[in-house]
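Here's the structure, in structure tokens; my notes come after.
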Amino acid sequence: MDFGLTETQELIRTSAREFLADRSDPEIVRAVASGDTEAITELWKEVVDLGWPALAISEEYGGAGLTFSDLAVLLEELGASLAPTPVVESAITSWVLERFGPESIKSDLLPQIATGDILITPAIVESDASWNANSARVAATKSGSSLVITGEKRFVSFAEQATHALTLVRTDDDEPALVVIPIWKAAAVEQTPLDHVSGVPVFSLAFNEVEIPETSVIATGEDAIKATEELVAAGGVARAAQLAGLGKAVLDATVEYTANREQFGRPVGSFQAVQHHLAEMAIAAKQVNHLVHSAAWSFSQDGYSVERAAQAKIAASDKISKLCWTAHQCHGAIGFTWEHDLHLYTRRALAWKTDYGDSAFHKSKLANAMGL
Amino acid sequence: MRFEFTPEESAFKSQLSSFLDDALPADWHGPADESRDDHWALNEQIKKGLADRGWLVMSWPKEYGGADSSPMMNTIFAEEMAYRRAPGHDRFGTRMFGPTLMRFGTEEQRTKYLGSIAHGEIQWCQGYSEPNSGSDLASLQTRAVEEGDYFVVTGAKVWTSLAHRADMMFMLVRTDPDAPPHKGISLIMVDMKSPGVDVQPIINMAGLHSFNQVVFDEVRVPKENLVGDLNDGWRAGMTVLNFERSGIDYAAWARIALEELIEYVTKDDSLVTAAKSDPSVRIKLAELQTEVEAARLMCFDVAWRQGQGEVPSSEASMSKVTATEVYLTVLDYGLELLGMYGALEMGSNQAELQGRFMKMRLYYTSGPILAGTNEIQKNIIAQRGLGLPRK
Numbered sequence: 001m002d003f004g005l006t007e008t009q010e011l012i013r014t015s016a017r018e019f020l021a022d023r024s025d026p027e028i029v030r031a032v033a034s035g036d037t038e039a040i041t042e043l044w045k046e047v048v049d050l051g052w053p054a055l056a057i058s059e060e061y062g063g064a065g066l067t068f069s070d071l072a073v074l075l076e077e078l079g080a081s082l083a084p085t086p087v088v089e090s091a092i093t094s095w096v097l098e099r100f101g102p103e104s105i106k107s108d109l110l111p112q113i114a115t116g117d118i119l120i121t122p123a124i125v126e127s128d129a130s131w132n133a134n135s136a137r138v139a140a141t142k143s144g145s146s147l148v149i150t151g152e153k154r155f156v157s158f159a160e161q162a163t164h165a166l167t168l169v170r171t172d173d174d175e176p177a178l179v180v181i182p183i184w185k186a187a188a189v190e191q192t193p194l195d196h197v198s199g200v201p202v203f204s205l206a207f208n209e210v211e212i213p214e215t216s217v218i219a220t221g222e223d224a225i226k227a228t229e230e231l232v233a234a235g236g237v238a239r240a241a242q243l244a245g246l247g248k249a250v251l252d253a254t255v256e257y258t259a260n261r262e263q264f265g266r267p268v269g270s271f272q273a274v275q276h277h278l279a280e281m282a283i284a285a286k287q288v289n290h291l292v293h294s295a296a297w298s299f300s301q302d303g304y305s306v307e308r309a310a311q312a313k314i315a316a317s318d319k320i321s322k323l324c325w326t327a328h329q330c331h332g333a334i335g336f337t338w339e340h341d342l343h344l345y346t347r348r349a350l351a352w353k354t355d356y357g358d359s360a361f362h363k364s365k366l367a368n369a370m371g372l
Numbered sequence: 373m374r375f376e377f378t379p380e381e382s383a384f385k386s387q388l389s390s391f392l393d394d395a396l397p398a399d400w401h402g403p404a405d406e407s408r409d410d411h412w413a414l415n416e417q418i419k420k421g422l423a424d425r426g427w428l429v430m431s432w433p434k435e436y437g438g439a440d441s442s443p444m445m446n447t448i449f450a451e452e453m454a455y456r457r458a459p460g461h462d463r464f465g466t467r468m469f470g471p472t473l474m475r476f477g478t479e480e481q482r483t484k485y486l487g488s489i490a491h492g493e494i495q496w497c498q499g500y501s502e503p504n505s506g507s508d509l510a511s512l513q514t515r516a517v518e519e520g521d522y523f524v525v526t527g528a529k530v531w532t533s534l535a536h537r538a539d540m541m542f543m544l545v546r547t548d549p550d551a552p553p554h555k556g557i558s559l560i561m562v563d564m565k566s567p568g569v570d571v572q573p574i575i576n577m578a579g580l581h582s583f584n585q586v587v588f589d590e591v592r593v594p595k596e597n598l599v600g601d602l603n604d605g606w607r608a609g610m611t612v613l614n615f616e617r618s619g620i621d622y623a624a625w626a627r628i629a630l631e632e633l634i635e636y637v638t639k640d641d642s643l644v645t646a647a648k649s650d651p652s653v654r655i656k657l658a659e660l661q662t663e664v665e666a667a668r669l670m671c672f673d674v675a676w677r678q679g680q681g682e683v684p685s686s687e688a689s690m691s692k693v694t695a696t697e698v699y700l701t702v703l704d705y706g707l708e709l710l711g712m713y714g715a716l717e718m719g720s721n722q723a724e725l726q727g728r729f730m731k732m733r734l735y736y737t738s739g740p741i742l743a744g745t746n747e748i749q750k751n752i753i754a755q756r757g758l759g760l761p762r763k
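Residue numbers (the numbering used here), protein chains in the order written: chain A, 1 to 372; chain L, 373 to 763.
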């Protein structure tokens with residue numbers, strides 16, 4: 001086993017950290033949370049210039065050809081900085097397109113994703129809030145050589161910025177299918193903004209007889225289920241990587257605060273009761289970090305590990321929100337204020353707990369893989 | 373990043389595994405009870421087998437009969453041994469005292485003792501804790517007074533594992549009562565057959581005799597048995613603890629216990645049928661599997677860091693806390709699944725899984741306490757790892 005970062009990964013970490021320290025400060029996070037879409041667009045332009053959407057796309061499709069492990073290192077930094085930018089959405093959809101899409105779609109869309117000309121966001125969940133690959137009810141009705149899409153997808157991140165949605169639908173044959181639907185300023189796609197605790201834009205999308213060519217289909221039937229399962233697993237690991245970075249950032253901030261805040265004439269961080277809270281936070285952050293790296297590494301092998309992907313999201317969902325809770329306890333009253341930034345992290349941690357499957361969802365997946 | 377073993381590591385793991393297939397009785401589930409003569413004979417036999425294959429001290433440098441194996445390889449060895457609940461490991465000699473002797477011992481001492489450890493011929497025990505010195509070890513009071521060519525040792529050591537099976541003890545004694553606590557301590561080796569050594573069994577809460585109180589009444593120890601400099605024993609003694617503090621045994625025990633539970637709830641003829649049909653059981657087992665894997669990765673991270681030349685003190689503490697706690701958590705859940713059967717003692721009529729879950733649950737209550745309580749470990753994590761102030 002090798003727990004170390006490669007040279008490339010060190011480089012990704014350092015450059016991401018520098019850029020994000022400058023460009024994703026709490027003010028921008030707060031601005032985006034209160035509806036400043038301009039800030040998202042500005043940041044995304046720079047993210048595209050840095051080549052982050054191209055990172056895990058193969059070189060033959062115009063990407064950088066790096067691994068999922070490399071991506072995870074980047075996502076940790078994005079999580080730590082709370083950067084309101086759709087790197088996960090773009091990376092996960094391109095990942096699935098490259099593995100499951102027909103050549104015509106891959107050679108058309110992937111290079112455009114890499115250059116940031118298009119942005120594809122996943123649209124999987126519906127009103128039942130399920131990430132189950134077989135649960136879609138949005139209808140794709142055949143009409144000549146077209147498909148007509150009708151129904152509502154919920155909890156679609158960055159839909160306002162996205163040009164397309166990678167959408168899980170159900171065909172006339174009652175089979176699931178994954179299709180790419182253009183949504184940018186599409187008259188027949190109604191976007192309803194949700195007020196989401198993550199502080200990034202989240203929408204529900206109503207497709208009112210949206211007509212798309214049959215060639216927009218990525219996968220159907222069993223393939224669509226496999227592709228969606230991989231999308232949810234990869235998305236879960238991606239969110240877990242962000243949560244790992246977020247947890248480490250919250251730990252660091254709490255160490256800093258408790259080492260400096262004095263009561264009874266000494267730093268509160270010198271009291272064992274507080275030190276033990278911090279030690280537990282450090283353990284949790286480290287556990288999530290290892291499980292994320294192990295899972296991300298498995299995506300670089302032939303077929304990812306279903307077990308490891310589930311473990312990463314289970315641990316991240318359960319442990320990082322708990323870590324944030326403990327951080328609040330260590331910060332006392334100041335951390336309870338709107339003015340202090342700690343709640344920005346807590347909100348994100350609570351929101352991402354359920355994104356790409358909550359802990360119970362992934363435990364069930366893991367139990368299946370364990371033969372239970 | 374690479375989260376799999378190298379081909380060389382995998383090959384070693386399977387060699388060790390097939391050795392244990394032969395060496396362990398067919399129905400072996402452990403844990404070994406060292407006070408039972410048949411189990412102790414098995415311990416000795418496996419220890420010899422490991423020594424013959426060069427595995428017992430493979431972590432040692434070649435000049436002392438080792439193979440200079442990597443910390444990763446050593447952790448794989450420890451994991452497999454624990455996973456099989458195999459005795460014969462001799463961590464006191466091979467993992468703790470041997471390396472200390474290499475660093476602090478004289479040429480003569482190394483020649484005399486290292487070979488016998490490497491060949492599995494001699495059993496060591498560790499004399500550190502005392503009735504009034506547990507977590508605050510530096511307050512230890514067992515005295516060693518110089519008298520000609522001897523130290524005369526008087527006092528008591530406690531929680532001494534394997535003292536009833538050991539040939540020799542390495543122990544910390546106070547040689548300068550007037551110096552500050554850490555400065556007046558020396559490390560010496562004592563022959564357990566010396567007149568005045570009295571080994572008194574302490575039966576633990578699991579009903580097993582694994583540790584002892586050892587009383588020293590004017591025991592004469594040759595001065596040549598001093599390891600390191602006089603009054604410099606704290607430094608040498610703490611080196612031992614760095615080897616002691618790893619969670620891999622517990623992580624491996626947790627893994628095998630969880631696998632046994634899963635097998636139990638999935639097989640057709642298990643008696644506890646409620647567990648099989650309850651979906652919450654699936655969820656809980658998956659949660660535990662995640663925790664066990666996290667603990668395992670924590671331990672291998674320590675090994676990886678050691679291989680990079682680091683001294684991962686805080687990480688080792690994290691692995692110890694995590695693994696000892698997850699093991700008890702798995703055992704507790706096992707007892708919950710076994711329901712009324714969980715309360716049956718090992719060997720009882722009608723016990724399920726031989727009653728070993730309760731036995732282990734009682735026995736490994738010690739995990740979060742021994743080798744530095746988990747509270748002490750958290751102090752280490754906070755102070756050494758996170759840099760928080762002591763005062």
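Just so it is clear, CB atoms sit at the ideal spot from N, CA and C, and this is done for glycine as well.
Extent of the continuous beta strand (DSSP E) run through residue i
i	result
Leu-194/A	189-194
Leu-147/A	146-157
Gly-221/A	Element bounds for Gly-221/A: not the beta strand (DSSP E) but the alpha helix (DSSP H), 221-260.
Ala-140/A	139-143
Ile-753/L	First-last for Ile-753/L: undefined, no H or E at that position.
Arg-537/L	Careful: Arg-537/L lies outside any beta strand (DSSP E) and carries neither H nor E.
Alpha carbon of residue i to alpha carbon of residue j, nearest angstrom
i	j	result
Pro-503/L	Leu-509/L	10 Å
Gln-263/A	Tyr-257/A	12 Å
Thr-737/L	Ser-501/L	18 Å
Gly-568/L	Arg-463/L	26 Å
Phe-299/A	Glu-126/A	27 Å
Ala-72/A	Trp-297/A	9 Å
Cβ neighbour criterion (16 or more within 10 Å) applied to residue i
i	result
Val-683/L	exposed
Met-373/L	buried
Thr-93/A	buried
Asp-355/A	buried
Pro-552/L	exposed
Ala-723/L	buried
Asp-424/L	exposed
Gly-678/L	As written in the sequence, residue 678/L is Gln, which differs from the Gly given in the question. Classification of Gln-678/L: buried, given that the 10 Å Cβ count is 16 or more.
Ser-145/A	exposed
Asp-621/L	buried
Leu-660/L	buried
Chain-ordered neighbours of residue i on chain L, where CB pairs are closer than 7 Å
i	result
Arg-266/A	Lys-763
Asp-2/A	Met-373, Arg-374 and Trp-676
Ala-241/A	Result: empty, since nearest Cβ-Cβ is about 12 Å, beyond 7 Å.
His-290/A	Ala-666, Leu-669, Met-670 and Asp-673
Ser-294/A	Phe-375 and Leu-669
Closer than 8 Å at the beta carbon, the chain A residues around residue i
i	result
Asp-640/L	Neighbours of Asp-640/L on chain A: none; closest Cβ ~14 Å, over 8 Å.
Gly-757/L	Ala-279 and Ala-282
Leu-657/L	Ala-367, Met-370 and Leu-372
Limits of the alpha helix (DSSP H) - the one that residue i falls within
i	result
Val-48/A	37-49
Glu-103/A	103-114
Ser-649/L	645-649
Tyr-622/L	620-638
Tyr-705/L	685-710
Gly-79/A	68-81
Closer than 7 Å at the beta carbon, the chain A residues around residue i
i	result
Val-693/L	Ile-283
Leu-473/L	Ordered by position in chain A, no residue passes the 7 Å Cβ test against Leu-473/L, which lies about 30 Å from the chain.
Under 9 Å from the C-beta of residue i: neighbouring residues of chain L
i	result
His-343/A	Within chain L, no residue comes near His-343/A; the closest Cβ sits about 22 Å away, beyond 9 Å.
Beta-carbon neighbours of residue i, restricted to chain A and to distances below 9 Å
i	result
Asn-751/L	Gln-272, Gln-275, His-276 and Ala-279
Leu-509/L	Chain A residues near Leu-509/L: none, gap ~18 Å exceeds 9 Å.
Proximal chain L residues relative to residue i, where beta-carbon distance stays under 8 Å
i	result
Thr-258/A	Leu-760
Residues that residue i contacts on chain D, provided the C-beta gap is smaller than 7 Å
i	result
Met-561/L	Within the model displayed, chain D is absent; protein chains A and L are what it includes.
Checklist entry - Counting Cβ pairs, one atom from each stretch, are 3 or more of them under 8 Å apart for the stretch 487-495 of chain L and the stretch 535-546 of chain L? => result yes
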